[in-house]
Amino acid sequence: MKVGTGSNFLPMLAVIGSILSLTVGTSFGKQLFPLLGPGGTALSRVLLAALLLQLIWRPWQEKLSQQDKLKLLQFGLILGLMNFFFYQTIARLPLGISIAIEFTGPLTVAVMLSRRLIDFVWVGVTALGLWLLLPMGFTHGGESSASGLDPLGLVFAFVSALLWGLYIVFGKRITHLHGGRSTTWGMTAAALTIAPLAIAESGAKLMQPQLFLPALGLAIASSAIPYSLEMYALKKLPKHTFGILLSLEPAVGALSGLFILHEVLTFNQWLGIACVMSASIGTTFAAKQDRAPLDAVAPDAL
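Okay, here's the thing in structure tokens:
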């Protein structure tokens with residue numbers, strides 16, 4: 083990865099900007115939980131993002147086959163549930179830990195598609211990271227590495243990881259379609275998928291006009307801006323460079339949680355996040371050498 087090359091500088095800066103916009107936006111979005119609930123916040127973000135994308139891309143102008151419609155519906159179903167469970171996760175766990183655990187989904191898919199033995203080393207590094215993050219981790223200074231972690235939050239985190247892995251698999255099935263329009267239909271289907279869940283959880287909380295602008299800001303910061311920056315970066319950067327930069331997301335999320343939400347992590351938890359990031363970078367390099375790289379996962383999918 084040639085950091086110093088002028089041709090790559092702006093696209094790399096765009097990826098970093100995308101990660102910052104997503105994590106900072108999500109951190110501020112978490113402050114809406116007492117007012118909307120995590121499910122209601124997820125629905126507001128996805129629904130408003132879908133409406134914005136509909137206005138931008140006008141996907142109804144493109145004719146789709148029945149098979150493509152089914153693929154988009156499946157993609158949107160997974161996208162919606164992934165967002166819903168991720169927001170349930172960060173309602174119970176620190177942001178950095180939530181992102182790190184969710185990264186195990188794409189890592190699992192990468193290893194399953196790999197033909198290299200070295201990737202199983204990265205499985206071990208990921209396992210070490212989880213060992214440090216979860217209750218079985220050793221103690222540091224007499225404090226458990228998972229002190230204060232909510233068990234239900236951990237369950238939701240691994241469900242999110244599974245859904246992120248499926249998101250990659252089903253996302254690959256629609257790569258032949260227009261990127262902006264397929265994302266728009268996926269986001270629309272996602273909103274319809276989680277609407278009943280969010281309404282059941284939040285009810286009348288969703289009908290608060292004064293929360294429209296904060297929710298719109300969340301949709302722009304955590305969806306519209308990251309998506310736009312990613313589209314620019316992906317046209318300019320090699321996929322392995324994009325993937326390596328994306329591996330910074332757990333650390334940026336942890337820092338965002340620290341400074342905005344005052345989520346203080348233990349030494350072991352920081353070390354666990356570093357292990358997951360290292361495994362992500364390692365599998366990205368291995369994918370490059372295999373010349374069958376797994377498509378980088380867009381951070382605005384979170």
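Those letters in the sequence shown? Residues 83 to 384, by this note's numbering.
Backbone N, C-alpha and C define an ideal beta-carbon position, used for all residues, glycine too.
- Taking 7 Å as the cut-off, the Cβ atoms of PRO320 and MET359 do not count as close.
- Secondary structure at ALA336: helix, using DSSP grouped into helix, strand and coil.
- A distance below 8 Å between beta-carbons, with the five flanking residues on each side excluded, links LEU117 to the following residues of its chain, in chain order: LYS287, GLN290, LEU293.
- Beta-carbon to beta-carbon, ILE302 and PHE166 are separated by about 20 Å, too far to satisfy the 8 Å threshold.
- In its own chain, leaving out the 5 sequence neighbours on each side, no residue places its CB closer than 6 Å to the CB of VAL346.
- Shown here, GLU345 sits in coil according to DSSP, grouped into three states, outside any helix or strand.
- Counting along the chain, the unbroken alpha helix (DSSP H) around ALA271 starts and ends at 261 to 284.
- One alpha carbon belongs to GLN156, the other to TRP352, and they sit about 35 Å apart.
- Residues of the same chain with a CB within less than 7 Å of the CB of SER362, apart from the 5 flanking positions on each side, are PHE185, LEU189, SER329 in chain order.
- Here the region 124 to 141 lies against the region 162 to 177, with 3 or more beta-carbon pairs under 8 Å apart.
- Boundaries of the alpha helix (DSSP H) around GLN148: 148 to 172.
- The three-state secondary structure of LEU189, taken from DSSP, is helix.
- Boundaries of the alpha helix (DSSP H) around LYS254: 233 to 254.
- With respect to the 7 Å criterion, GLY187 and LEU244 are classified as neighbours on the basis of their beta carbons.
- Taken through DSSP and simplified to helix, strand or coil, LYS112 comes out as helix.
- By the criterion of a C-beta distance shorter than 6 Å, PHE238 is surrounded in its chain by PHE167, GLN170, THR171, once the five residues flanking it on both sides are discounted.
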